[in-house]
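Heads up: the structure comes next, in structure tokens.
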Amino acid sequence: MTQDSIKAFVRENFGKDYLPVYHGHTNIISPLALIVKRKRSLWKRPFGKGEMVIVGGLHRYLTEEKEKHFKNYCRSKLMKENRNLEKTETSDVSRNLDISLESLDAGGLELKLTDILGDLELGKLTEEYYVDVDLRELLSHAVLDPDKMTPLEGHHLRLVTAVMYSAKFFLRGNRKHQATVSGDVHTPSKLAWLLGKDSLVKGSVTNQSYLPPMVRRKSRAPFLFKFCRVAYNKEGKRLQIQDGVFVGKSFRSGGGREDVISDEQAALHLEMEESLSPGGIFLTEKDNEKVEDVRKLLITAENGTQLKTQIFTYLNWFEQILTSDSKLLLFGKPLTKDDCDFLQKLGIRARPKQLVLRLASVQKDVIHEYGCLLKFISEASKENWEELLQSMMDSGKGEEKNEDMAVAEQLL
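Numbering (my numbering), first residue to last: 251 to 662.
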């Protein structure tokens with residue numbers, strides 16, 4: 251909801267070209283920061299989203315003899331502009347959705363969703379930016395080190411061209427989410443004697459949740475940023491602004507983007523290269539039921555070797571489902587009853603001894619969630635793996651599992 255409040259403010263006052271800098275990233279955004287845009291790992295949440303990784307300032311990728319002169323040249327070309335915005339009124343940003351269905355014979359149903367996002371206060375705003383002609387000239391002088399640029403070859407690159415700084419960041423007011431479901435249906439036959447045969451029963455359920463207060467910032471830090479697409483010219487050892495791209499102020503939103511994953515969505519996963527989590531899998535309370543489903547599947551393994559094979563087999567199946575457009579999934583061996591029971595929880599119907607599975611309507615987001623858990627287990631440390639095997643023994647598989655502990659240690 252905080253992201254929604256910030257994005258609503260940005261759209262109304264600055265346009266869609268500016269993207270917000272969230273708490274935790276204020277120390278890594280600066281003009282001429284180099285960004286790598288890439289698809290997230292298959293087993294990272296959320297499924298199907300992109301991410302942007304800030305790999306550092308452009309000066310870090312220059313040859314040593316050019317770096318000092320380049321910094322001075324950049325400072326001479328950097329434009330600065332103060333923005334004084336005065337609010338005409340103070341009010342919470344809200345969002346409402348009201349859906350109703352009504353039938354003369356069968357009753358009706360109504361759904362109301364209300365989000366109160368809070369009121370944003372920023373203080374004095376200062377924008378630091380480069381204009382198009384200066385940026386192109388600047389890049390022509392930036393001779394890059396081929397060795398430093400090798401890891402970035404073949405990736406989509408972005409260059410920060412403008413940063414908006416705010417003197418403070420306050421999000422005031424209550425932030426609330428409320429959902430109300432109401433409706434009326436014909437009286438159930440068991441209650442007809444009490445409420446009447448042809449009467450309607452009305453009812454409603456309301457759920458409210460209040461978000462905790464936001465951390466306040468009282469010092470100057472980045473709040474918004476803009477970037478442009480650049481390409482690495484390996485022969486010329488320079489970055490070049492892509493054809494058809496111009497750096498400047500825009501007053502009208504452009505058409506559709508060529509990327510499957512939009513830049514705005516990818517920016518929600520803006521991270522520093524050094525802070526990237528290798529697995530990208532974090533367990534929450536919502537995972538409890540899925541964890542139990544996975545546990546029931548894993549305790550069917552006879553030993554540590556079979557357990558690991560089982561995990562990687564499912565990961566292979568899930569990867570095929572998530573990355574392939576095929577409507578069929580072929581198995582190397584017949585499905586067992588335990589396989590079918592587990593797949594049923596994923597919304598996949600299967601029968602024992604089946605070798606081919608039709609994927610007519612598969613919920614890829616559900617499969618991805620279970621895949622993340624299996625991936626998390628497959629990358630467990632030696633100590634955690636021993637704990638997993640011990641928990642399996644405690645689940646009733648017998649003392650014969652003690653021998654398998656040694657087998658598992660050899661596998662890790």
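Even for Gly, the Cβ is constructed at its ideal location relative to N, Cα and C.
- DSSP, reduced to helix, strand and coil, places Asn277 outside both helices and strands of the structure shown, so it counts as coil.
- CA-to-CA, the gap between Arg333 and Gly498 works out to about 17 Å.
- The three-state reading of DSSP puts Tyr380 in coil, since its state is none of H, G, I, E or B.
- Counting C-beta atoms within 10 angstroms of its own C-beta, Thr411 has 16 or more neighbours from the protein chains shown and is therefore classed as buried.
- Per the coordinates, the alpha-carbon of Val495 lies some 23 Å from the alpha-carbon of Ser326.
- DSSP lists Leu284 as the bridge partner or partners of Gly306.
- For Thr411, there is no enclosing alpha helix (DSSP H); the enclosing beta strand (DSSP E) has its first and last residue at 406 to 416.
- It is roughly 51 Å from the alpha-carbon of Asn483 to the alpha-carbon of Leu547.
- Under the three-state reduction of DSSP, Asn553 is assigned to coil, being neither helix nor strand.
- Note: Gly453 is bridge-paired with Gly433 in the DSSP secondary-structure output.
- Per the coordinates, the alpha-carbon of Leu388 lies some 41 Å from the alpha-carbon of Arg422.
- The beta carbon of Lys476 is closer than 6 Å to those of Asp267, Tyr268, Thr411, Ala412 in its chain, skipping five residues each way along the sequence.
- In this structure, Lys362 sits away from Val455, with a CB-CB distance that is not shorter than 9 Å.
- Per DSSP, the beta-bridge partners of Ala481 are Gln490.
- No Cβ-Cβ contact shorter than 9 Å links Leu557 with Leu585.
- Spanning the alpha carbons of Val271 and Val383 requires a straight line of approximately 26 Å.
- Counting along the chain, no alpha helix (DSSP H) covers Leu312, and no H or E run does either.
- By a beta-carbon distance limit of 8 Å, Ile561 contacts Ile627. Their separation comes to about 6 Å.
- DSSP places Leu585 in the coil class of the three-state scheme, outside both helix and strand.
- Straight across, the Cα-Cα distance linking Gly453 with Asp434 is about 6 Å.
- It is roughly 59 Å from the alpha-carbon of Cys590 to the alpha-carbon of Ala392.
- Here the alpha carbons of Tyr620 and Arg310 stand approximately 40 Å from one another.
- With respect to Leu474, Phe420 sits apart: the two C-beta atoms are not nearer than 9 Å.
- Cα atoms of Val616 and Glu629: separation of roughly 20 Å, rounded to the nearest angstrom.
- With contacts defined as CB atoms closer than 9 Å, Leu284 and Gly306 qualify as a contacting pair.
- In the three-state scheme derived from DSSP, where H, G and I count as helix and E and B as strand, Gln428 is classed as strand.
- If you draw a straight line from the Cα of Lys587 to the Cα of Arg545, it is about 16 Å long.
- Contiguous alpha helix (DSSP H) elements confined to the segment 566 to 610 occur at 587 to 595, taking only those with 4 or more residues.
- Secondary-structure assignment with DSSP links Pro270 through a beta bridge to Leu474.
- Contact between Asn457 and Ala417 does not hold, since the beta-carbon distance rounds to 38 Å and is not under 8 Å.
- By the criterion of a C-beta distance shorter than 6 Å, Ala551 is surrounded in its chain by Leu557, Gln560, once the five residues flanking it on both sides are discounted.
- Under the three-state reduction of DSSP output, Arg545 falls in the helix class.
- With contacts defined as CB atoms closer than 9 Å, Pro472 and Ile304 fail to qualify as a contacting pair.
- Between Leu565 and Lys614, the alpha-carbon positions lie close to 13 Å from each other.
- Under the DSSP definition of a beta bridge, Leu370 partners with Leu421.
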